[in-house]
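Structure first, then comments.
Residue numbers (our numbering): 70 to 149.
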């Protein structure tokens, strides 16, 4: 188990080096610890929960709100 955790931490470090936010990740275990689902079913649950349009919009609203509170301006040439 320690080796698996070390591999996960190494993978997260590599992703973080390349600009990915990895401090809040969900795993299938989060679902299977709570519900009677297989790993495959739990992955499908996470896919549906984390990629639905409402959640994605809320993340962008939160990013915009965080930038506003930090007084970070939107790029002039940014197009929606």
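Beta carbons: idealized from backbone N, C-alpha and C, even for Gly.
With a 10 Å radius around its C-beta and 16 neighbouring C-beta atoms as the bar for buried, classify residue i as buried or exposed.
i           : result
residue 135 : exposed
Out of curiosity, what's the CA-to-CA distance linking residue i and residue j?
i           : j           : result
residue 124 : residue 138 : 21 Å
residue 102 : residue 111 : 10 Å
residue 93  : residue 116 : 15 Å
residue 114 : residue 82  : 26 Å
In the DSSP assignment, find the unbroken alpha helix (DSSP H) run with residue i in it and report its ends.
i           : result
residue 121 : Where residue 121 is concerned, there is no enclosing alpha helix (DSSP H), given that its DSSP letter is neither H nor E.
residue 99  : 97-101
residue 139 : Residue 139 -> no alpha helix (DSSP H), and no H or E assigned at all.
residue 72  : 71-86
Less than 8 Å between C-beta atoms, sequence neighbours within five positions excluded: which residues of the same chain meet that for residue i?
i           : result
residue 119 : 95
Please list, in chain order, all residues of the same chain as residue i whose beta carbon is under 7 Å from its beta carbon, the five residues on each side excluded.
i          : result
residue 84 : 91
Do residue i and the ligand GDP come close, with the Cβ less than 8 Å from some heavy atom?
i           : result
residue 121 : Questions concerning the ligand GDP fall outside what the structure shown contains, since it holds no ligand whatsoever.
Answer with yes or no whether the minimum CB distance from residue i to chain B is below 9 Å.
i           : result
residue 104 : Considering every chain present, this structure includes no chain B. It has just one protein chain.
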